[in-house]
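**Student:**
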Amino acid sequence: MLSSWTKHLLHCTLLVFVISVFEIWSGGVKLSADVQNTYNFNPWERYGFIWCFMLYLLRCLTFLPLPQVLLNFGGLTLYNAFQDKVVLKGSPLLAPFICIRIVTRGDYPQLVKANVARNMARCLETGLENFIIEVVTDKSVGLPVHRRIREVVVPKSYKTKTGALFKSRALQFCLEDNVNILADCDWVVHLDEETLLTENSIRGVLNFVLDGKHQFGQGLITYANEEVVNWFTTLADSFRVADDMGKLRLQLSMFHKPLLSWKGSYVVTQVIILVKIYFHKQIIVVH
């Protein structure tokens, strides 16, 4: 069986090969002198000033996504995309308290119940001890009574000081003094209702909070792990995985800040930082 680094080397080789073939096929790289002579003319004389200016302007627009392309390329090549099983760097018993916070509108209560049960079982199998699963919902989903499960229903009358809506409103409600049960040193893992934890993801969260060097973290989310309903939308979601493994991984691992983007799910944050954040119309401003 191939090792993870062998797979990564093959992945990088294939990536460079695909880019090279595309550049040659599209004419970006000209290997023949005859081809170069074919395009040897003055575009300002042939097309005129206005049309030539428009053509050059359109070509310059292709450089707009260049920062994102470079970050994606760097993340997919500089970091191993086929890592082996995550190894714990400390005992789960020594880890700080972790709240797995799931935000939902409550439209699919059976889905929420099933995923809460699966995430609970996965956490216990991994050895996680100091944790609670908190479901923040607009409508009650009727979760079973359990010492590790907490259901928080956001009242319809609740309004934030900044007028935040939807997910931001629900997250802000959790930080109110009469709702929040977490200490400043605790950690929150933000998930969507359809997100399922894996053993590697839980170990990664444990390593992150045990390390304690950073107060914000972002994890990789994969899709099509269950039964595929629509292959077209599933393939479209594959770009989001590449974006996580490329751009997000590079900017957070190397620069330790979200330079270009930041996801709204699988965010690991320390509570003391959350209370200093205002959710203003789903735009996060850190003071």
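Numbering-wise (my numbering), the sequence shown opens with residue 1341 and increments by one. Yeah, the Cβ is synthetic: ideal placement off N, Cα and C, and Gly gets one too. Everything numeric in this text was worked out from a predicted model, so none of it was measured.
(1) Determine the direct distance from the alpha carbon of Q1591 to that of P1383, and round the result to whole angstroms.
(2) With E1491 as the anchor, note down where its beta strand (DSSP E) starts and where it stops.
(3) Looking only at its chain, what residues have a beta carbon closer than 6 Å to the beta carbon of E1539, apart from the 5 residues adjacent to it on each side?
(4) At the 8 Å Cβ level, is M1341 part of the contact set with chain C, yes or no?
(5) Quickly, what does DSSP pair C1439 with across the bridge? List them, please.
(6) Only counting runs of 4 or more residues, tell me where the alpha helix (DSSP H) segments fall wholly within the stretch 1372-1438, in order along the chain.
(7) Runs of 4 residues minimum, wholly inside the stretch 1501-1528: which ones carry the alpha helix (DSSP H) assignment?
(8) Quick one: using the 10 Å Cβ neighbour count with 16 as the cut-off for buried, is T1444 buried or exposed?
(9) Among D1517, K1616, T1574 and V1452, which one has its Cα closest to the Cα of L1483?
(10) Keeping to the same chain, check which residues put their C-beta closer than 6 Å to that of E1491; ignore five residues upstream and five downstream.
(11) Taking 8 Å as the cut-off, does the stretch 1379-1398 touch the stretch 1545-1557 (at least 3 CB pairs, one atom from each stretch)?
(12) Between P1407, W1345, D1551 and V1611, which has its C-alpha nearest C1514's C-alpha?
(13) So F1362 is in the beta strand (DSSP E); what residue range does that whole segment cover?
(14) Which same chain residues, not among the five before or five after V1581, have their C-beta less than 6 Å away from its C-beta?
(15) Just verifying my parser: in three-state terms, what is the DSSP assignment at V1581?
(16) If you draw a straight line from the alpha carbon of L1411 to that of S1360, how long is it in whole angstroms?
(17) L1355 and L1416 - do their beta-carbons sit closer together than 8 Å?
(18) Roughly how far, in whole angstroms, is the beta-carbon of L1522 from the beta-carbon of E1469, given that I think they are within contact range, below 8 Å?
(19) Which two residues bound the contiguous beta strand (DSSP E) that contains T1632?
**Tutor:** Quick answer:
(1) 40 Å
(2) I1489 to V1493
(3) T1466
(4) Of the chains in the structure shown, none is chain C; there is only one protein chain.
(5) I1472 and V1528
(6) 1373-1378, 1383-1387, 1389-1401 and 1406-1418
(7) Segments of the alpha helix (DSSP H) lying fully in the stretch 1501-1528: 1506-1514.
(8) buried
(9) V1452
(10) V1475 and L1483
(11) no
(12) V1611
(13) F1362 -> not in any beta strand (DSSP E); alpha helix (DSSP H) instead, spanning S1344 to S1366.
(14) T1562
(15) helix
(16) Note on geometry: alpha-carbon atoms of L1411 and S1360 lie some 18 Å from one another.
(17) yes
(18) About 16 Å; that fails the 8 Å criterion.
(19) Here the chain covers residues 1341 to 1627 and nothing more, so residue 1632 does not appear.
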